[in-house]
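The sequence shown begins at 1 in our numbering and counts up one residue at a time.
Where a beta carbon is used, it is the ideal one built from N, C-alpha and C, also for glycine.
Below is one structure, written out as structure tokens; the observations come after it.
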Amino acid sequence: MSERRGYLDRGVGETRGVVTLDGRPERLIVRRDDDDPRLILGARLVARVASVELALATAFLDLGSGAEAILPFRPEARPVRGQSLEIEIRGEARRGKLAVARAFGAAEGDPRLLAPAPDVASELLALAPAVPPVEGAQARSMADEAEAEALERFHPMPGGGTLAVEPTRALTAMDVDLGERKGADAKRLTRQANLAALGMGARLLRLKGLGGIVVFDLVGRGHDGTALMAAARAAFGPDNPGVSIGPVGRFGTMELSLPRRVRPLAERLCRDDGAPSDRTLAQRLIRRLEAEASASPGSRLVATCAPSVAEAAAPLAVLLADRIGARFSIAADPVVGRERLEVARA
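Now the structure itself:
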């Protein structure tokens, strides 16, 4: 039976929660202190209908202070422009797309937050209720491991081969590669690899926060469609409701549709070019300072990084000083590469 555990890393300016499945990261929740609470999955608000697009069966909602969301509707439940509604965020905003809401009924007053989304600790307890989340150094290590795996493209599979996860604007491609396998065991190994790829792929998609259309490019030919369908239903069961799984096609692919609920982790942590954002690098720098301060009590520390990272780290440094004292400095060096982060004793 699969075992899930939660890990809660309460960082400076950022809280990270990890759920593991049989010891491997399955979900990574990242909340930063400057996140807009109105746009987090599960937040409940009063929103005003700004416009209604009948052709799209979609209303555009004003959440206040420039925040927006969309509300898909059925013809019999068409909202009216200017109407106030009580809503809940059921899909977070992602690149080029607004957050998606569902309505509970009419409301009164101006747009405002009624109830924030569950915090990270509450989410972890809901996803892994067997035991309280682990905190401290073990949680930080697990969060770092989860973050690193979530941003990888190629993932080694148990028993050999790799699974590549490649998101595009239209879909996410999952390429199963077993390499050159010949001999009497080739068919058995191919079958095992495809079955393992479905389970591993489901975990990785949850970890990366990916949804929408997913296409598995299976290895080999002459697939056992019944076994693969059963494996897919088991692997993606935790993503229900909203999962749709198609049979293996004539070209050896298997297509799925998964609900989009959270913002993809790569969008949260990276720039458009895929490199870590200045804020993400700043968070890593602050964690290194905190770790070194714990390992060297009383020592003065100097962190060196690129100027853009130092700028992003400045407000976090104020919060860090409350934890470890004002015994560190952050030096901006224009010669240092963006992703090079150094912490040393003064």
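- Query: Near L353, which residues of its chain fall below 8 Å by C-beta distance, leaving aside the five closest residues on each side in sequence?
  - Reply: The displayed coordinates of the chain run from 1 to 346. Any statement about residue 353 would go beyond what the structure contains.
- Reduced DSSP category for M174 - H, G, I as helix; E, B as strand; rest coil: What you label residue 174 is simply residue 174 of the sequence shown in a count that begins at 1. Looking at M174 - three-state DSSP - the assignment turns out to be strand.
- Query: Cβ of G161 within 8 Å of Cβ of D175?
  - Reply: Indexing the sequence shown from 1 puts residue 161 at position 161. Indexing the sequence shown from 1 puts residue 175 at position 175. Here G161 is not near D175, since their CB atoms are 8 Å or more apart.
- Query: From which residue to which residue does the beta strand (DSSP E) around R16 run?
  - Reply: Residue mapping note: residue 16 aligns to position 16 of the sequence shown, counting from 1. Counting along the chain, the beta strand (DSSP E) containing R16 begins and ends at E14 to L21.
- How about P111 and D34: do their beta carbons lie closer than 8 Å? Within the sequence shown, numbered from 1, the residue matching residue 111 stands at position 111. Within the sequence shown, numbered from 1, the residue matching residue 34 stands at position 34. No, Cβ-Cβ distance for P111 and D34 is not below 8 Å.
- Message: For P133, report the span of its beta strand (DSSP E) as first-last.
- Response: The residue given as residue 133 occupies position 133 in the sequence shown. Here P133 belongs to no beta strand (DSSP E), and DSSP marks it neither H nor E.
- Item | Sub-8 Å separation of L171 and V214 beta-carbons | Walking along the sequence shown from the start, residue 171 turns up at place 171. Walking along the sequence shown from the start, residue 214 turns up at place 214. A contact, by the Cβ cut-off of 8 Å.
- How about T304 and A282: do their beta carbons lie closer than 8 Å? Position 304 of the sequence shown, counted from the start, is the residue given in the question as residue 304. Position 282 of the sequence shown, counted from the start, is the residue given in the question as residue 282. The answer is no: Cβ separation not under 8 Å.
- For E147, count neighbouring Cβ atoms within 10 angstroms of its own Cβ and tell me buried if that reaches 16, exposed if not. In the sequence shown, the residue the question calls residue 147 occupies position 147. Result: buried.
- Query: Using DSSP with H/G/I as helix, E/B as strand and the rest coil, what is P315?
  - Reply: The residue given as residue 315 occupies position 315 in the sequence shown. DSSP places P315 in helix when its eight states are reduced to three.
- Quick check: the segment 53-72 against the segment 237-249, are there 3 or more CB pairs under 8 Å? When C-beta atoms of the segment 53-72 are compared with those of the segment 237-249, fewer than three pairs fall below 8 Å, so the two segments do not count as touching.
- Message: Nearer than 7 Å: is that true of the beta carbon of L316 relative to any heavy atom of the ligand NAP?
- Response: This structure does not include the ligand NAP; it has no bound ligands of any sort.
- Task: Please confirm whether L28 and R38 have their CB atoms less than 8 Å apart.
- Result: Here residue 28 is taken as the residue at index 28 of the sequence shown, counted from 1. Here residue 38 is taken as the residue at index 38 of the sequence shown, counted from 1. For L28 and R38, no; Cβs fall outside 8 Å.
- Item | Residue ranges of each beta strand (DSSP E) within the segment 36-104, 3 or longer | Listed in chain order, the complete beta strand (DSSP E) runs (minimum 3 residues) inside the segment 36-104 are 44-53, 58-64, 67-72 and 84-91.
- Task: Determine the extent of the alpha helix (DSSP H) in which V219 is found, giving its start and end residues.
- Result: By 1-based counting over the sequence shown, the position of residue 219 is 219. From DSSP, V219 is part of no alpha helix (DSSP H); its letter is neither H nor E.
- Give the straight-line distance between the Cα atoms of A55 and R81, rounded to the nearest whole angstrom. Position 55 of the sequence shown holds residue 55. Position 81 of the sequence shown holds residue 81. Distance between the alpha carbons of A55 and R81: 15 Å.
- Nearest-angstrom beta carbon gap, A231 and L198 [assumed within contact, 8 Å]: Locating residue 198 in the sequence shown gives position 198, where the first residue counts as 1. Locating residue 231 in the sequence shown gives position 231, where the first residue counts as 1. The Cβ separation is near 5 Å, so the contact holds.
- For D9, the first and last residue of its enclosing beta strand (DSSP E): Numbered from its first residue, the sequence shown carries residue 9 at position 9. From DSSP, the beta strand (DSSP E) with D9 extends over R4 to R10.
- Item | Inter-residue CB distance, L71 and I87 (contact presumed, cutoff 8 Å) | Position 71 of the sequence shown, counted from the first residue, corresponds to residue 71. Position 87 of the sequence shown, counted from the first residue, corresponds to residue 87. In this structure, L71 and I87 form a Cβ contact; the two beta carbons are roughly 7 Å apart against a cut-off of 8 Å.
- Message: Please state the DSSP three-state secondary structure of T304.
- Response: For the purposes of this step, residue 304 is identified with residue 304 of the sequence shown, where counting begins at 1. Three-state DSSP puts T304 in a strand.
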